[in-house]
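Working notes for the structure below.
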Amino acid sequence: MKFIRKQLDKVKPHFDEGGKFEKYAPAYYGIETFLFVPNHTTKHGAHIRDGIDLKRVMITVVIALLPALIFGIWNIGYQNMGDGQGFWDYFIFGAIRFLPMVIVSYGVGLGIEFAYAIFRGHDVNEGYLVTGLLIPMIMPIDFPLWMLAVSVVFAVVIGKEAFGGTGMNILNPALVARAFALFSYAPYMSGNTVWVADSVADGVSGETILGALAGGVDPGTSVFDMFMGYIPGSVGETSVLMISIGAVLLLATGIASWRIMLSTLIGGALMAFLFNIIGSSTNELLNFPWWQHLLVGGFAFGLVFMATDPVSGAQTNTGKWIYGFLIGVFAILIRVVNPTLPEGMMMAILLMNVFAPTIDHYIVEGNVKRRKKRLQKVNV
Amino acid sequence: MSTDIKFRKGLTIKLKGGANHQISQANRSKIFAINPPVFHGIKPKMSVKVGDRVKVGDAVFYAKQNDQIKFTAPVSGEIKEIVRGAKRKILSIEIIADTEDTFVDFGAKTPGKLAGPQVKESLLESGCWPMIKQRPYDVIANPSESPKSIFISAYDTAPLAASYAVTLEGREQEFQAGIDALSKLTEGKVHLSTGSSASFLNEIKGVVLHKVSGKHPAGNVGVQIAKVDPVNSGDRVWVVNPQDVASIGSLFLTGKYNPTKIVALAGSQVDKPQYYKVIQGTRIKDIVGGNLKSGKSRMISGNPLTGTAVGLNGFLGFYHDSISVLPEGDHYSFFGWMPFIGNHKFSMSRTFFSWLTPNKEYDLDTNLNGEERAFVMTGEMEKVLPMDVYPMQLLKATMIQDIEKMENLGIYEVAPEDFALIDFISTSKIEAQQIIREGLDLMIKEVG
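If you read the protein sequences in the order shown, they are chains A and B.
Residue numbering for the first sequence follows the numbering used here, beginning at 1 and increasing consecutively.
Residue numbering for the second sequence follows the numbering used here, beginning at 381 and increasing consecutively.
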């Protein structure tokens, strides 16, 4: 530790003002502040500060993602090989398939982040630590790496940096990557063959539950399997149990908004329940029990890790209730009624990302009106 | 008769080194100072030259924008130096103190029998006027205006704050006289808020008494005003610190400007934290000297959230009744962002385990614990601002200097100190107090 500090202090002068590599200072500080929380002391305002910072927040989210990630890697192997193998056989198979995606996502994404930081002369923001892990977790396992790289470039450049970088983006960058991939490379992003590794070559059925239901077939998966996540799907999304562990961590630390999580759950449950009442003889999705709707597809993953993104979500407390509720409603609505998209969570969140500022505007406007009314009362 | 005000939002920060309830007489400094920058927005015009002799209560300088507002000497002696900074801005006026003070006699009066303008004149002439600040803008009140009400908060919830039970002890008569005088300045009411403890404050006449409870910033006069009699566009509300109320009372009872006050010396870097009886403008060294622990310390005139960093050779601020000494935090911490590690630090979030020990006192240093970032987290600022104001939206409107939006979102109701906890809790290390101060200055310039 002291050794690393010494080495950093040795090269630091080159990056300071007037140094040889002055231009690259943001890159140096990106690495230095990752290794050490800097020795900066308070200059203005409060002399003492809370121990929290953005790095700690982002890393906490990464930790919350780990249970779903580890299970997801295992499940890649399990879905491909079927029963009868050991844990490590599944896990190593999954890791070999999945880690390159993580490396590409972080490599490309962080590369762009560092380049922008140097180009614009600002600090490297931590937001991509989470985004970079989310992106491979919501992609099909057979998704070609170069397509992944292109999607990441689009998400970071158009989805985030074009708006001014971390904190300024309107849409959730990870979902921008996924939406881009879906519309650009549709055959690799949907259908029955992409959700299990090598499903065509190995002759394994890669059909998801929602895919089967949309096709009018009840896949007959047990509720236990749905909850545990022994089903085909994107890497991160299948295990409701593991996602719940992450959710508990995010809620306990207070990092994710419980308002958004709860209201999304209520919205989705209500909408699915409504569809159950309506029923249908042609669309199996209407008859699929409402509470099972919450266990399948990307609903749980989106609810915990995507809808709660504080930057692209609603920012006022009341707004969060409305925002979350509508995400739940639209996710199920799109899933059940839209014939082209078997899953609606991504579209629902992106849609509400767009409307979040509008929702907040009306909530804040309420406060403004209250203030004006008070003034009028005094003047009368 | 009193009403209860309860605040649910907020955050109490418990720090090591709270002052013991013991009062000592501080050594008399050889040099005292008045620092004009303490009086925000005031452009000083000197009334004296270097070498002039002054008595306690003699004007040293006055405000350029209103020559009625005088700032008077806290001790008698000789003007030693007028310290100037960039653009010849006056930073400090230093006075070599006599061993024994001589006073200007303003004549003892009974405030109850005076009319408003006479009270005003006494306060202006004696140098007591700067004790009265106004909302909006958190600056010295304009004597040509009349406030809709006056607020005095005798309840301080800030970390390491001085207890009014100690600092006001034995000043009952002076306090009552001060209230009598202040009540002549407004058509409206004088509001006095206290904590739950029993004290003479509960027996003060001529005020509306409020019993305040809750976490910090419950004791901030600003959040109390917002609850009781909110500031609208065009309104003026005046606020006075409790010890200054007693000083105002003392002026009328004795005819002398009374610059003595009791301050708490507190903080984890203080060997024996306790209270001292001092005179305004005392040199920090003369209060702190010999009572410090080893290690690099930061001296703060005021509390750790809103105070001003001063060196040992700095001076006690006019509005401050505490000196906090904290360890400097200019150190690196290896992987210091790792969640759930580093539980000697305090956090409102639960990414530390500090929430498991709510009664623990912390030894916090001045490290920023991170770097400044764009606004990312939402909902955290609202937790520590018990007002009907959207803090993040107001901060953003202020940063882009959108005056109409600032007005709409309640800039008139806030003071920098109300945003001190937002400085503290902000994940992105947003300098909220500074932003609000600059916003208020903009409003003074554009709206007035």
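Every residue gets a Cβ at the ideal spot worked out from N, C-alpha and C, and that includes glycine.
Where the beta strand (DSSP E) containing Val-258/A begins and where it ends: Inspection of the sequence shows that residue 258/A is occupied by Trp rather than by Val. For Trp-258/A, no beta strand (DSSP E) encloses it; the enclosing alpha helix (DSSP H) starts and ends at 258-278.
Environment of Ser-184/A [buried if 16+ CB atoms lie within 10 Å]: Only exposed fits Ser-184/A, as fewer than 16 other CB atoms lie within 10 angstroms of its CB.
Neighbourhood of Leu-241/A by C-beta, 7 Å cutoff - its chain only, sequence neighbours within 5 removed: Within the same chain, Leu-241/A has close Cβ partners Phe-227, Met-228, Gly-229.
Chain B contact for Asp-83/A (CB, 8 Å cutoff): Chain B contact via Cβ: absent.
Candidates Thr-60/A, Arg-120/A, Ile-70/A, Trp-74/A, of which the one nearest Pro-26/A by Cα: If we check each option's Cα against that of Pro-26/A, Arg-120/A comes out closest.
Local Cβ density within 10 Å of Arg-515/B, reported as buried at 16 or more and exposed below that: Arg-515/B sits buried, since 16 or more C-beta atoms from the chains shown fall within 10 Å of its C-beta.
Closer than 8 Å to chain B by CB, Ala-307/A: Chain B contact via Cβ: absent.
Pair within 8 Å by beta-carbon distance, Met-718/B and Ile-59/A: Met-718/B places its beta carbon less than 8 Å from that of Ile-59/A.
Identity of the residue in Phe-755/B, Glu-458/B, Lys-740/B, Glu-554/B nearest Lys-809/B by Cα: Selected option, being the one with the closest Cα: Phe-755/B.
Leu-250/A classed as buried or exposed, judged by whether at least 16 other C-beta atoms fall within 10 angstroms: If you draw a 10 Å sphere on the C-beta of Leu-250/A, you find 16 or more other C-beta atoms in it, and that means buried.
Thr-212/A to Met-306/A span [Cα, whole Å]: It is Ala, not Thr, that sits at residue 212/A in the sequence shown. If you take the alpha carbons of Ala-212/A and Met-306/A, they lie about 25 Å apart.
Through-space distance from Gln-814/B to Tyr-29/A, alpha-carbon basis: Tyr-29/A and Gln-814/B have their C-alpha atoms some 25 Å from each other.
Whether Gly-132/A touches Tyr-116/A by CB criterion (8 Å): Not a contact, by the Cβ cut-off of 8 Å.
Nearest-angstrom beta carbon gap, Ser-648/B and Leu-822/B [assumed within contact, 8 Å]: Contact between Leu-822/B and Ser-648/B does not hold, since their C-beta atoms are separated by about 37 Å, which reaches or exceeds 8 Å.
Pairwise C-alpha distance: Gly-661/B and Leu-540/B: One Cα belongs to Leu-540/B, the other to Gly-661/B, and the distance between them is close to 21 Å.
Spatial distance of Arg-370/A from Gly-568/B (CA atoms): Each residue's Cα considered, the two are about 23 Å apart.
Integer Cβ distance of Ile-141/A from Arg-97/A, believed to fall under 8 Å: Between Ile-141/A and Arg-97/A a beta carbon distance of about 6 Å is seen, short of the 8 Å cut, so the two are scored as contacting.
Residues, ordered as in the chain, of the stretch 41-54 of chain A that lie near chain B by beta-carbon distance below 8 Å: Identification of residues in the stretch 41-54 of chain A having a C-beta nearer than 8 Å to some C-beta of chain B yields Thr-41, Thr-42, His-44, Gly-45, Ala-46, His-47, Ile-48, Arg-49, Asp-50, Gly-51, Ile-52, Asp-53, Leu-54, given in sequence order.
7 Å Cβ cut-off: residues of chain A touching Pro-738/B: Result: empty, since nearest Cβ-Cβ is about 15 Å, beyond 7 Å.
C-alpha gap between Ile-277/A and His-293/A, whole angstroms: Looking at the backbone, the Cα of Ile-277/A and that of His-293/A are separated by about 14 Å.
Through-space distance from Val-650/B to Asn-683/B, alpha-carbon basis: Distance between the alpha carbons of Asn-683/B and Val-650/B: 14 Å.
Near-chain B residues of the stretch 97-128 of chain A (beta-carbon distance less than 8 Å), N- to C-terminal order: Within the stretch 97-128 of chain A, the residues whose Cβ lies closer than 8 Å to any Cβ of chain B are, in chain order, Asp-123, Asn-125, Glu-126, Gly-127.
Three-state secondary structure assigned by DSSP to Tyr-655/B: Reduced to three states, the DSSP call for Tyr-655/B is strand.
Rounded straight-line distance, which links the Cα of Phe-36/A to that of Gln-7/A: Across the structure, Gln-7/A and Phe-36/A are spaced so that their CA atoms are roughly 13 Å apart.
Segments assigned beta strand (DSSP E), at least 3 residues, entirely inside the stretch 605-681 of chain B: DSSP runs (the beta strand (DSSP E)) wholly in the stretch 605-681 of chain B: 617-620, 640-646, 654-659, 677-681.
Endpoints, the beta strand (DSSP E) within which Tyr-517/B is located: In the DSSP assignment, Tyr-517/B falls outside any beta strand (DSSP E) and carries neither an H nor an E.
The stretch 224-245 of chain A: positions lying closer than 9 Å to chain B by Cβ: Taking 9 Å as the Cβ-Cβ cut-off, the stretch 224-245 of chain A has no residue approaching chain B.
Residues of the stretch 252-285 of chain A whose Cβ lies closer than 9 Å to any Cβ of chain B, in chain order: Within the stretch 252-285 of chain A, contact with chain B at the beta-carbon level (separation under 9 Å) is assigned to Ala-252, Thr-253, Gly-254, Ile-255, Ser-257, Arg-259.
Interface flag, Val-156/A vs chain B, CB-CB below 8 Å: Interface with chain B (8 Å Cβ-Cβ cutoff): Val-156/A is excluded.
Residues in the stretch 767-781 of chain B having any Cβ partner in chain A nearer than 7 Å: Answer set for the stretch 767-781 of chain B: Asp-768, Tyr-770, Met-772, Gln-773.
Among Ile-802/B, Asn-693/B, Ser-806/B, Trp-735/B, nearest to Lys-410/B - alpha-carbon criterion: Per the Cα distances, Asn-693/B.
Assigned secondary structure, Glu-458/B (DSSP; H/G/I helix, E/B strand, else coil): In this structure, Glu-458/B counts as strand in the three-state DSSP scheme.
Alpha carbon of Arg-56/A to alpha carbon of Ala-247/A, nearest angstrom: When rounded, the distance between both Cα atoms is 17 Å.
CB contact below 8 Å: Phe-36/A versus chain B: Using a Cβ-Cβ cut-off of 8 Å, Phe-36/A counts as an interface residue toward chain B, since at least one Cβ of chain B sits closer than that to its own.
Nearest residue (CA-CA) to Ile-158/A, options Tyr-24/A, Ala-179/A, Val-235/A: Selected option, being the one with the closest Cα: Ala-179/A.
Bridge partners - Gln-405/B, DSSP secondary structure assignment: BP columns for Gln-405/B point to Lys-657/B.
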